[in-house]
Amino acid sequence: MTPDLLEQGARRVQAHMEALAAHKGQTESGGRTAGFGRVASQGEVDVTHGRILYLEDVHVSFDGFKAINGLSLDIAPGELRCIIGPNGAGKTTMMDIITGKTRPDTGTVFFGSTIDLLRYKESEIAQLGIGRKFQKPTVFEQLSVFENLELALKTDKGVKASMFFKLDSAQRDRLADILHTIHLADSVGRLAGNLSHGQKQWLEIGMLLMQDPKLLLLDEPVAGMTDEETERTAELFLSLKGKHSLMVVEHDMSFIRTISDIVTVLCDGSVLAQGTLDQVQADERVIEVYLGR
Amino acid sequence: MSNITLPTPQPLLTRTGWVAWLAALMVLCALVPALNLLVPAGSALHLSDFAVALTAKIMCYAICALAMGLIWGYTGILSLGHGLFFALGGYAMGMYLMRQIGLDGNYKSNLPDFMVFLDWKELPWHWALSGSFGATLFLVIAVPGLVAFVFGYFAFRSRIKGVYFSIITQAMTFAAMLLFFRNETGFGGNNGFTDFKRILDIPIATTSMRMTLFVMTSVTLLVFFLLARWLVGSKFGRVLQAVRDAESRVMFSGYSTLGYKLTIWTISAMMCGVAGALYVPQVGIINPSEMSPANSIEIAIWAAVGGRATLIGPIVGAFIVNGAKSWLTVTYPEFWLYFLGALFIGVTLFLPDGVVGLIKKLKGGKA
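Protein chains in written order, with numbering that gives the first Met the number 0: chain R, 0 to 292; chain Y, 0 to 366.
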């Protein structure tokens, strides 16, 4: 920004302040605060520009292998986006980048229009409101279902706060709600390690919901689930759509058909095609690299 | 809607637990002193001074084992350097005890004998606080705590895990041992500190002083047990177990695991420091061999034998292994190391949850 512009800006603010003082409480904009631009508050996700997640021209290479190669992608608030792509397309690496596990070599990753995710650590990104489910269900096997959910609960996660933590009644209600949502109400006291594979997947999704994230990244959420469990998961995701933004990586096409609006196809670390499932399935390039027909 | 019963928080100890805890307190602080001091030496009920001293020593080890249970059993971080923290606490106390010798040393000097021998004229800077008992109590906790904090901060920040972490803790205690062996560091070289005379100006070699130290060790062990119990029973403790099971999940749940690991690591080191400080006046010597890698490995063995993922397990393990050690080293001295090796292999292969785990399993099988 040039000194000229800075000066102009300063003059405008000064003029406005004088006008405010002259009218005593009556502003130019009829009682509303004047629009200098919104005040960005720390940690708050600004989605007024219609995008909750924004990746542009991201590159990552591991020992010369370009895992992500010029990836640009954006997701709207409340959207449920499905990501498909052949093995090695960079789907998991993309999630690693968004959640702070991997740092890109170059590129921009924003959460809302103000939060630069590349400046934060994994735990901070989780607190900002991005939840992630791993490809392999990852729960705390030696803790009970209840304790797993309790740990994930959105609250102060400092050391001291944890030492003196007590669940209050609102939090208990929330925990009970989620237990119903993930159909594990009967297993509340069981060790997570003793759950079936599908139940572990559900528990992990439940832990994500306890965090109350604005954006959920789900890596193969229905892998290893029975048909019935898959169906319930689809219902759950559709009910979350709108309230949360979801990014789902899946290989199960019938599952994707049930839940998807827009499908993004990744290949060799960048976006190959994007559209409805029918559109991408009709795309020549997609057929060539992915569907293999 | 919420017609499910959510589990309520567990109390610190169950009713039976409290009864057992109080019983242990009574036995150690009333029955043992009575049997040792009041029952005449000829009687069958008399507890010998040797038995009391041995129990006190093992209780110091048990505190270390408890500390190991917290860091290894609950957090999944195997430290092979806890002997260092034990020795640091011991050295802090030893420095005070050396100063308490006063003019009664061999050289009748105000300086500890080894300094006179080295022809030093005044106390080195790091002995500045050693004259004060209050400051010593502070250093006993602060020095191991600070060393652990600094070491842990860099190790955990660099995300050093698993066997790599164990190896560098081993290197840490080995390096410290070499440092303390040197005369110019001012810790008495390979002889360390010994020949203590007094503590708080009271002669140290009396029966009543020995019993006082015994009771203090007992109380410390029991209080540390409750502290550990509180720690692992809180959400903090569950986060530690979560770190052990799936650290990345903990991070993606919004916890900065560095702070958690560092906290429990430092607390664990401080507990070892206190154990060392109680140990030194009772055994009457501290030297760099306490920092030898083998000593630190033994602490891990106690925890493993007893059952590392419990709190009572490491304490039980310390008693079993050290009890066996004091018996075997007298009866079959040449077999002790074979026994120790066999014990560790046996426990790893057949009792992954230790003795306490085995008892739990047997009980569970019956019920």
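Using N, Cα and C, we set each Cβ at its ideal position, and we do this for glycine too. Fair warning: this is a prediction, and the values are worked out from it, not measured in the lab.
Close to Y:Y152, with beta-carbon spacing below 9 Å, lies no residue of chain R; the smallest spacing is near 14 Å. Boundaries for Y:Y90: no beta strand (DSSP E) harbours it, while the alpha helix (DSSP H) harbouring it runs H81 to Q99, taken from the DSSP string. At a cut-off of 8 Å, the C-beta of Y:D244 has a neighbouring C-beta in chain R. Between Y:G312 and Y:G353, the beta carbon gap of about 5 Å places them in contact (Cβ cut-off 8 Å).
For the segment 218-250 of chain Y, residues whose beta-carbon sits nearer than 8 Å to a beta-carbon of chain R comprise L230, S233, K234, F235, R237, V238, Q240, A241, R243, D244, A245, S247, R248, V249 and M250.
By a beta-carbon distance limit of 8 Å, Y:T216 does not contact Y:A22. Their separation comes to about 18 Å. Within the segment 250-282 of chain Y, M250, F251, S252, G253, Y254, S255, T256, G258, Y259 and T262 place their CB atoms closer than 8 Å to a CB of chain R, listed in sequence order.
By the Cβ test, the segment 156-175 of chain R is not in contact with the segment 271-279 of chain R, since fewer than three Cβ pairs between them sit closer than 8 Å. By the neighbour-count criterion, in which 16 or more other beta carbons inside 10 Å mark a residue as buried, Y:L77 falls on the buried side.
Under the three-state reduction of DSSP, R:A66 is assigned to strand. Residue state for R:H179 is assigned as helix, using DSSP reduced to three classes. Excluding sequence positions up to five before and after R:V138, its CB lies within less than 6 Å of the CB of N147, A191, K199, L202 and E203, all in the same chain and listed in chain order. Around R:F164, the beta-carbon contacts reaching into chain Y at under 9 Å are S233, K234 and F235. Taking the Cα positions, R:C81 is about 14 Å away from R:L239.
A residue is called buried when at least 16 other Cβ atoms come within 10 angstroms of its Cβ; R:D167 does not meet this threshold and is exposed.
DSSP places R:G106 in the uninterrupted beta strand (DSSP E) bounded by T105 to F110. In this structure, R:D104 is the residue among R:D185, R:R173, R:D104 and R:S253 with its C-alpha nearest to the C-alpha of R:D62. Rounded to the nearest angstrom, the gap between the Cα atoms of Y:R156 and Y:L257 is 6 Å. In this structure, the beta-carbon distance from Y:V273 to Y:I140 falls below 8 Å.
Closest option to Y:P287, judged by alpha-carbon separation, among Y:A66, Y:I70, Y:V346 and Y:G88: Y:G88.
Among the residues of chain Y, those whose CB is under 7 Å from the CB of R:S122 are M250, G253, Y254 and S255, following chain order. With respect to the 8 Å criterion, Y:M94 and Y:W126 are classified as neighbours on the basis of their beta carbons. Spanning the alpha carbons of R:R231 and R:G205 requires a straight line of approximately 13 Å. CA-to-CA, the gap between R:N68 and Y:T7 works out to about 51 Å. R:G130: member of the beta strand (DSSP E) spanning I129 to K132, first to last residue.
The segment 179-193 of chain R makes no contact with the segment 102-120 of chain R, as fewer than three CB pairs between them are under 8 Å.
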